[in-house]
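These notes are about the structure you will find just below.
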Amino acid sequence: MKLTLLILTAMLFASKVMAQPGIQKRYQTKFIMAEDGSTIELDAGTFSFTGSLSLQDKKRIVISGKGIDKTVLSFKGQTDGAEGLRVSNGESIVIENLTVQDSKGDGIKTMNVKGITFRNVKVEWTEGPKPENGGYGLYPVQCENVLIDGCTAIGASDAGIYVGQSRGIVVKNSKAYHNVAGIEIENSLHADVFDNEAYENTGGILVFDLPDLVQKRGGNVRVFNNYIHDNNLRNFAPEGNIVASVADGTGMLIMAATGVEVFNNRFIRNQSVGTGIISYLFTGLPIKDKSYYPFSTAISVHDNVYERDPGPAAILRGSWDGLFKTIRQTGQQIPHILLDGISDSAKLDKDGKLQSDLRICIQNNKDQSLINLDAGGGFKNMSYDQKPFDCQLVPLKASTVNVR
Amino acid sequence: MSVKKIFLLGALLLTFWLTLASWQTKVVPEKLSDYGFFIGDISRQHPAPGVVPYTLNTPLFSDYAEKLRFIKLPSRKSVIYNDTAVLNFPVGTTLIKTFYYPNDFRNQSKGRRLLETRLLTHESEGWKALVYVWNTEQDDALLEVAGENKAVQYVDDQGNTRQQNYLIPNLNQCSGCHNRKEVMVPIGPSVRQLNGNFIYKGSPASENQLLYWQRTGMLTGMPALADCPKAPVWNKPETGSLNDRARTWLDINCAHCHNPDGPAMTSGLNLSYSEKNPTALGILKSPVAAGRGSGGRAFDIVPGKPEQSILIYRLHSTDPGAMMPELGRKVVHTESLDLLKAWIKAMQ
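Quick note, the sequences are listed as chains A and B, same order.
When the letters of the first sequence are read in order and numbered with the numbering used here, they come out as residues 1 to 404.
When the letters of the second sequence are read in order and numbered with the numbering used here, they come out as residues 405 to 752.
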């Protein structure tokens, strides 16, 4: 009798974590039938899905689990759909207290949502960092008012937390590790990224503007009070993706962005590039988008802490390797801050300097050191001189988001 | 009035109000047969009067499933000719599409298995999609909002027995493709795609669909047939150049998402037939959010080099995290891949 009960219980438990086609239909129906203003409660347990779950054309919906690692949506056996959860064309949507695992593509993609909150959400690939993992963990794109709070992203083959082509963004209290990029803000306007921990990624935090996109230009991005450390993971992004060109050992990389303020962060043991500031031209990729602005301008890096173990850079591939070897051949330690030195010749004043409001200013960082690569001049006049960057920019305005 | 009477009156009013309310909410038929689109045994798909079958020159690939398409215009209404986009069908129109697999592609008389019938209905609030899944008895199809996966088996045109899964989309997946600026729209029936022949029941020879529509009053304002644009048939070289056939195939298979107002606009890749910017079309364009969909390749299209083009990689993949389209394909469409490879190969 006892044995029968035990077997029954075991069977019940097993059926709860194994492939459940009924679950797919039940949850998808819930998502389709949800009335505006309602809460979709997800039970505790691990649920396996064979296809994406999608929510569309809804307002004021809360998708609420019982907690990170308590409500687990597993997409390990996924055969349909390019993401785990997908939300599109919505208003005031909250996703909270749940874990999304092993989706074949992106973890949670939200597109064209006005007011999207991710709160206490974990997205992870459970078999460690590898190129077969999905691209993005949390992936709001073309959204307005984005709040990411108390989230964790692990193992993304592109960026763990990625905000693209959006405006009005706060990313805080979150963790990203074992991704190629921990946190990335791309072609996005008005973003505050603070109180996060980005560690053991290839690159901790990236701020990029890329060509050929619908939302052309990002800006007003503040990155502060973050703990960005030990980002020395070997880059495992599939070739062709822009993050595949991020050097192993990058704390933060700013590319082709305008209006970025980086302050009060701790950059610890990022063994190649503590903070890099480069233009898109540095990638060597072709630019055909005439309205694209490839330079990094109006960048301010101040009051951060830089620390690093002595010795060579993290193990690197391709052109980065050659570059760092060249630096080391000069007998120098690799500086914490790296600039490609490529600036917009159309924005120079009569003294040949960048207009004062567009300059790159690096000031008052603990253990500050830098190298200007003079990449535009064929690396001929590489310089460690900090004076040209000893300036201040007007602090950027805080970003506020209007979400539930 | 006693309390009891007030209560009774209240109950009566409530009943009355509920009845009224239920009249006002339109009830969606549970069964396909409820609509009366087909006469007799509905699995034979013989259209009722007013329901007109049609076909497209180059259709969307749906895992080798065959499709029967019908249109029902509201009585005495017509469509106004417009050759720049999908026709603007009047409110009250229903587009009906039944997906099936012949048991043997070499011999259609060996029977078929109907899988689903999709309806796109143009209501006053806009287009609405509904999916009806055929039962095992094949005598009716039942409304299904959450989609389904079905195992199918058939003998292909080479005589090989093939087994595969077939995805019946959920309602959100319908508008994942039928979507312009987040508004649901039909994809196929444009003048270009309808400009081809069809054998109508009861007539001995085939007739051009546009002429038929004009003759029966379904289409007004049509110019001379010779002035109507015509999409080639992707696998019939006599109907168009390599470039034209490849672009038409991409248009119907990809551009419903990959257009500046579609769900894939975030990628900056536009595969519409009308796109003229080579970068937007993918030529030497770096991917944006392809992830492992890049297949380790640098550009969407590398002229002359199909084996280095991401587009070919993603159309060849059946991994849900890498493949394109994201939905509705579980097997590789070898024949169209050959077309696209030849197209890229021929590019300078």
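Note that the Cβ used here is the ideal one computed from N, Cα and C, for glycine as well.
Use the C-beta contact count for R480/B: other C-beta atoms within 10 angstroms, 16 or more gives buried, fewer gives exposed.
exposed
Which of the three DSSP states, helix, strand or coil, is assigned to M111/A?
In the structure shown, M111/A sits in a strand (DSSP, three-state: E or B).
With DSSP as the reference, label S513/B as helix, strand or coil.
helix
Give me the Cα-Cα distance between L323/A and R222/A, rounded to the nearest whole angstrom.
29 Å
Measure the alpha-carbon distance for Q368/A versus E307/A and round it to whole angstroms.
9 Å
Amino acids of chain A, ordered along the chain, whose beta-carbon sits closer than 8 Å to that of N569/B
T79
Below 8 Å between beta carbons is the criterion; list the residues of the stretch 690-706 of chain B that meet it against any residue of chain A, in chain order.
S690, P691, V692, A693, A694, G695, R696, G697, S698, G699, G700, R701, A702, F703
Give the straight-line distance between the Cα atoms of M751/B and I687/B, rounded to the nearest whole angstrom.
10 Å
According to DSSP, residues forming a beta bridge with Q567/B
Q557/B
One question on the structure: do T447/A and N270/A come within less than 8 Å of each other, judged by their Cβ atoms?
Because chain A is modelled from 1 through 404, residue 447/A falls outside the range shown and cannot be assessed.
Taking Cβ-Cβ distances shorter than 8 Å, what residues in chain B pair up with S54/A?
N574, N576, Q577, G580
Have a look at G672/B and N241/A and give me their C-alpha separation to the nearest angstrom.
Their backbone Cα atoms lie some 14 Å apart in a straight line.
Can you list, in chain order, the residues of its chain with a C-beta nearer than 8 Å to that of V243/A? Leave out the 5 residues immediately preceding and following it.
D158, A159, V180, A181, E184, T202, G203, L206, N235, A237
Buried or exposed (CB count within 10 angstroms, at least 16 for buried), K104/A:
buried
So, does the CB of A375/A fall closer than 8 Å to a CB anywhere in chain B?
no
Using a C-beta to C-beta distance shorter than 9 Å, which residues of chain B count as neighbours of G164/A?
Result: T670, V692, A693.
Per DSSP, which one or two residues make a beta bridge with Y177/A?
Note: Y177/A sits in a beta bridge opposite I154/A, Y199/A.
Cβ-based burial, L629/B [other Cβ within 10 Å; buried from 16]:
exposed
Check whether the Cβ atoms of L354/A and L348/A sit closer than 8 Å, and answer yes or no.
yes
Tell me the residue span of the beta strand (DSSP E) that contains A758/B.
The first residue shown for chain B is 405 and the last is 752, placing residue 758/B beyond what the model contains.
Can you pull the DSSP bridge partners for C361/A?
S300/A
Report yes if the C-beta of A702/B is less than 7 Å from at least one heavy atom of the ligand NAD; otherwise report no.
Of ligands this structure carries none, so the ligand NAD is not represented either.
G732/B classed as buried or exposed, judged by whether at least 16 other C-beta atoms fall within 10 angstroms:
It counts as buried.
Any idea what DSSP makes of G580/B, helix, strand or coil?
helix
Residue range of the unbroken beta strand (DSSP E) whose run includes Y227/A
227-229
Cβ-based burial, V214/A [other Cβ within 10 Å; buried from 16]:
exposed
Could you compute how far the alpha carbon of L715/B sits from the alpha carbon of K216/A?
Answer to the nearest angstrom: the Cα atoms are 23 Å apart.
Skipping 5 residues on each side, what residues in its chain have a beta carbon closer than 7 Å to that of G580/B?
P667, L731
Name the DSSP bridge partner or partners of A533/B?
L524/B.
H190/A, enclosing beta strand (DSSP E) - first and last residue
Run containing H190/A: 189-194, per the beta strand (DSSP E) assignment.
By the 10 Å Cβ neighbour count, where 16 or more other Cβ atoms means buried, how is E124/A classified, buried or exposed?
buried
How many angstroms separate the CA atom of S426/B from the CA atom of H526/B?
Bear in mind that the predicted position of S426/B carries a pLDDT of just 48, short of 50, making it too unreliable to give a figure here.
If you draw a straight line from the alpha carbon of N226/A to that of E197/A, how long is it in whole angstroms?
6 Å
For A82/A, go through chain B and note every residue whose CB falls closer than 7 Å to its CB, in chain order.
Here the neighbours are P724, G725, E730.
Give a yes or no on contact between the stretch 149-156 of chain A and the stretch 716-728 of chain B, applying the rule of three or more CB pairs nearer than 8 Å.
no
Please list, in chain order, the chain A residues whose beta carbon lies closer than 7 Å to that of E586/B.
Within 7 Å Cβ-Cβ: N89, N112.
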